[in-house]
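Written out below as structure tokens is the structure these notes cover.
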């Protein structure tokens, strides 16, 4: 570890020297000698460090010795652009360097230097354009279309889009010239340089964009900040977007492919990317005009640098202030009702508990009717007296029977053989109907008349409505307790999560991907980790007891803890699993340390996160989420909304007797993936309940994306882009 740290320090020194394109020393000859020496040293250190599986974020260009980080975050890109342009500008002040430039083609050589940053601009641009809903600009357009969106946001965003487009149009030409630097002619480059600084200038566009972010800054003479305010920027477009997101309805928020935090951060990234593009074009154009003998532009270059540095600092602080007040949690909407498909969009435990009609005579060993239905709160079916209803429907003979009650003496029961149901509906003699009454004479159902009777004069043999808890081939009630771990030793982390049912067992399935620097993920490595199948006993051996690697739900143990687990700062989620805690299913998450700048995961220092609270805990005990008379989850016409908080629990229960004859187990389990697009580091995982009153709703995963505001402080050292060589006399 000591050797690695030392190597990193030396490598960083080399990278800084190379990043600024080998700052010129007192003579071009010395600079040329340093090139070979530094490149060789950096290459050796780079190879050594890569062999240890660290710092994969650096890329060496052997042609000129330039080493650059894969700058996928806007602040890093801005700093690098400022360093590169400043270094090249100083080089051009050296007479011998100017002679070298002219010998190499001058303007085309400068263009090649700027072209070395092309991939880094493109990388950030690609990330901002990614997503199933069209990238950041399309997502922001959707907010504008919301009825809850303010006219202020719509107006500012429209103005910003116009300014961004004008900068992008010019930068597209700049990019084209960089790709064709060997053949582009001087006339074309001269026209481009003059266009950048004439008419609608890039400088004005960047100033207008920044004014939208920081309408009131420290430089405003007529703006008096409160004495207790430390905010540089106030009331800008990032705050306006925050307000629009706060007002947006749940159905919009859950439709986003990223968290609200990510959305605001991506707007900040878009604006700073545009600023970096504009600044690079301005500096490039002045360098060309200087080469063409149009002036020195020393004052303009320095002013632009100072303005760019100020804008960079102010944008970062404005974004940091807004992001620190925005949630980084992300959850998904229900699948539309007409598109719901069991085991694809949702999962359910089948026949965990189920409404069951049984006569009292079959609930005791003596076949008597001396008690009432309510006396049988925990019993078993002992027989099938008289071959009545019990002989014409699936029995509960090998299970337990709970919570019996008397409704009415006589009824018509629509018995069905549909998967997961015993009855479609029950109609009592009074006309009262349980369930949704439909035609009952078909290949899947039949109408069975039930009549309670008197045994002698004193005892009434009543039909009772009970709950059946019976393991067997019709009952999927098993939950995997196996760990789902990303290959963190190979620098993989969890990037998404979903529930999957395989061989009647509910599993947590994770999506994993390779961590890259500064919160990014290598999209080419994304994959859903295969499920490790679990075989539960079948036939006579099947019970409601826990087994090896799995838990079995039953009447006494059917609770799921609802928690949001958050990794410590500097950690990411690398694994998930369920455990049993006090009879409850309880989520645990593995968190591993990660280096923000390199994206390197320390898998050996991973920790497990959990919430050990129970309903019996003296301080802050868990509370129950109650479902009142719930109907089948997929019957709701209104989208579900989150209605639980961390430190609660929910019990799986039957649906309403009146609405569904208590035939289904709710809540259902959401099976749709929860994964941000584009992928980003995850720092939290939660399980929550969402629903609507009168319906079972769903238990689902939610995720917390990286809080970028923790990594946006700009230190003075990062602006210090001179090296020790520059100070040699």
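Numbering (this note's numbering), first residue to last: 226 to 954. Ideal Cβ placement from N, Cα and C applies to all residues, glycine included. For clarity, every value in this text was computed on a predicted model and none was experimentally measured.
Proximal residues to residue i (C-beta, below 8 angstroms), its chain only, five neighbours per side dropped
i	result
residue 430	388, 391, 392 and 503
residue 633	653, 654, 655 and 657
residue 748	355, 738, 903 and 904
residue 866	475, 915, 916 and 917
residue 796	816, 817, 818, 819, 832 and 908
residue 477	367, 368 and 371
residue 568	726 and 896
residue 617	640, 671 and 673
Cβ separation of residue i and residue j, assumed to be a contact under 8 angstroms, to the nearest whole Å
i	j	result
residue 437	residue 383	Not quite, the Cβ-Cβ distance comes to about 11 angstroms (not below 8 angstroms), so this is no contact.
residue 675	residue 635	7 angstroms
residue 798	residue 910	6 angstroms
residue 587	residue 607	6 angstroms
residue 510	residue 421	4 angstroms
residue 630	residue 693	That pair is no contact at about 14 angstroms.
residue 552	residue 485	6 angstroms
residue 710	residue 906	Residue 710 to residue 906, Cβ: 16 angstroms. No contact.
residue 403	residue 352	About 20 angstroms; that fails the 8 angstroms criterion.
residue 526	residue 314	6 angstroms
residue 317	residue 506	The pair is not a contact, with the Cβ atoms about 17 angstroms apart (cut-off 8 angstroms).
residue 596	residue 696	Not really, about 27 angstroms apart at Cβ, beyond 8 angstroms.
Limits of the beta strand (DSSP E) - the one that residue i falls within
i	result
residue 430	Premise fails: residue 430 lies in the alpha helix (DSSP H), 427-438, not in any beta strand (DSSP E).
residue 632	Neither: residue 632 is in no beta strand (DSSP E) and is coded neither H nor E.
residue 831	Note, residue 831: premise wrong, no beta strand (DSSP E); not H, not E.
residue 699	Looking at the DSSP string, residue 699 is not in any beta strand (DSSP E), and its letter there is neither H nor E.
residue 397	Premise fails: residue 397 lies in the alpha helix (DSSP H), 376-404, not in any beta strand (DSSP E).
residue 580	579-584
residue 795	Neither: residue 795 is in no beta strand (DSSP E) and is coded neither H nor E.
residue 367	Not the beta strand (DSSP E): residue 367 falls in the alpha helix (DSSP H), residues 360-370.
Same chain only: Cβ atoms within 7 angstroms of residue i, ignoring 5 sequence neighbours per side
i	result
residue 560	570 and 897
residue 454	Below a pLDDT of 50, predicted positions are generally treated as unreliable, and residue 454, at 48, falls in that range; the measurement from the model is reported next regardless. Same-chain partners within the cutoff: there are none.
residue 592	586, 608 and 610
residue 628	602, 691 and 692
residue 937	300, 541, 544 and 545
Residue i classed as buried or exposed, judged by whether at least 16 other C-beta atoms fall within 10 angstroms
i	result
residue 580	buried
residue 646	buried
residue 249	Note on residue 249: pLDDT 34, under 50, position unreliable in the model; the coordinate value appears next. The residue in question, residue 249, is buried, as its Cβ has 16 or more Cβ neighbours within 10 Å.
residue 651	buried
residue 855	buried
residue 679	exposed
residue 901	buried
residue 583	buried
residue 781	exposed
residue 578	buried
residue 879	buried
residue 715	exposed
residue 519	exposed
residue 844	exposed
residue 757	exposed
residue 335	buried
Cβ-based neighbour list, residue i, same chain, cut-off 6 angstroms, excluding 5 preceding and 5 following
i	result
residue 576	699 and 700
residue 871	788 and 789
residue 833	813 and 815
residue 479	556, 557 and 558
residue 876	783 and 784
residue 835	813
Residue i, enclosing alpha helix (DSSP H) - first and last residue
i	result
residue 510	485-516
residue 789	Here residue 789 belongs to no alpha helix (DSSP H); instead the beta strand (DSSP E) covers 789-791.
residue 303	299-317
residue 352	343-354
residue 478	475-478
Residue(s) in a DSSP beta bridge with residue i
i	result
residue 780	Answer by DSSP bridge pairing: none, since residue 780 is not bridged.
residue 736	721 and 753
residue 812	803
residue 893	923
residue 572	894
residue 641	670
residue 867	915
residue 658	652
residue 689	583 and 631
residue 937	DSSP output for residue 937 lists no bridge partner at all.
residue 520	Partner(s): none; residue 520 has no beta bridge.
residue 625	694
residue 775	705 and 772
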